[in-house]
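Everything on this sheet refers to the single structure shown next.
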Amino acid sequence: MSQEKNKTCARKILDYISAGSFDRDAFSPDFEAWTSASGAIPGESYLKRAGGLVAAFTDGPHFKVLDITAEENRVAMRVHGVGEVITGKTYGNDYCFVIYCDDQGKIVRLYEYFNVNTVIEVLRPAFEELARRSQQGQ
Numbered sequence: 000m001s002q003e004k005n006k007t008c009a010r011k012i013l014d015y016i017s018a019g020s021f022d023r024d025a026f027s028p029d030f031e032a033w034t035s036a037s038g039a040i041p042g043e044s045y046l047k048r049a050g051g052l053v054a055a056f057t058d059g060p061h062f063k064v065l066d067i068t069a070e071e072n073r074v075a076m077r078v079h080g081v082g083e084v085i086t087g088k089t090y091g092n093d094y095c096f097v098i099y100c101d102d103q104g105k106i107v108r109l110y111e112y113f114n115v116n117t118v119i120e121v122l123r124p125a126f127e128e129l130a131r132r133s134q135q136g137q
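So for the sequence shown, numbering that gives the first Met the number 0 puts the first residue at 0; every next one is plus one.
Set out below in structure tokens:
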């Protein structure tokens, strides 16, 4: 695939995370992921976790691609993510995604680097609040 098509392939992940849902056809059957928080995880687990992220936000998450570079089947994106979570705090984190796309434009592998401390300080309390509300039937 061309570098521009690979960039388009890679940008899809940000749209999917923001929407909280994924087009499974955009990922290869053997899709794998790695994140700063979890290390290596099966692709299906990544999609489930990333798809649930939107529930912690009242506004967002919104992503802005700051830099994007493609070479061969690899794309590197430096991204800033921001949004307001259900606890009222503002979440802001910087990411580096390294994404591998196959010849059909499907995501094969994804590496997601980010500041884990920000996740612990802002997102963890939001997910704890979601769990509390779920237990109370809200």
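Every residue, glycine too, gets a C-beta built ideally from N, C-alpha and C.
Every value quoted in this text rests on a predicted model; they were computed, and no experiment measured them.
Short Cβ contact (8 angstroms threshold) for residue i with residue j
i, j, result
"residue 66", "residue 82", "no"
"residue 126", "residue 35", "no"
"residue 5", "residue 100", "yes"
"residue 80", "residue 62", "yes"
"residue 122", "residue 84", "yes"
"residue 19", "residue 69", "no"
"residue 38", "residue 26", "no"
Rounded separation between residue i and residue j - CA only
i, j, result
"residue 51", "residue 2", "30 angstroms"
"residue 106", "residue 74", "10 angstroms"
"residue 86", "residue 60", "14 angstroms"
"residue 138", "residue 31", "Residue 138 is absent from the model: the chain starts at 0 and stops at 137."
"residue 17", "residue 97", "18 angstroms"
"residue 24", "residue 11", "12 angstroms"
"residue 124", "residue 44", "21 angstroms"
"residue 103", "residue 0", "8 angstroms"
"residue 111", "residue 136", "33 angstroms"
"residue 89", "residue 120", "11 angstroms"
"residue 13", "residue 21", "10 angstroms"
"residue 109", "residue 131", "31 angstroms"
"residue 128", "residue 7", "35 angstroms"
"residue 9", "residue 93", "17 angstroms"
"residue 40", "residue 29", "12 angstroms"
Per-residue DSSP class, three states only, for residue i
i, result
"residue 17", "helix"
"residue 24", "helix"
(request) Write down every uninterrupted run of the alpha helix (DSSP H) in the segment 29-89 whose length is 4 residues or greater and which is fully enclosed by it, in chain order. (result) Taking only runs of at least 4 residues, the alpha helix (DSSP H) segments lying wholly in the segment 29-89 are 42-51.
(request) Pick out the complete beta strand (DSSP E) segments inside the segment 95-136, 3 residues or longer, and give them in chain order. (result) Complete beta strand (DSSP E) runs here, min 3: 106-113.
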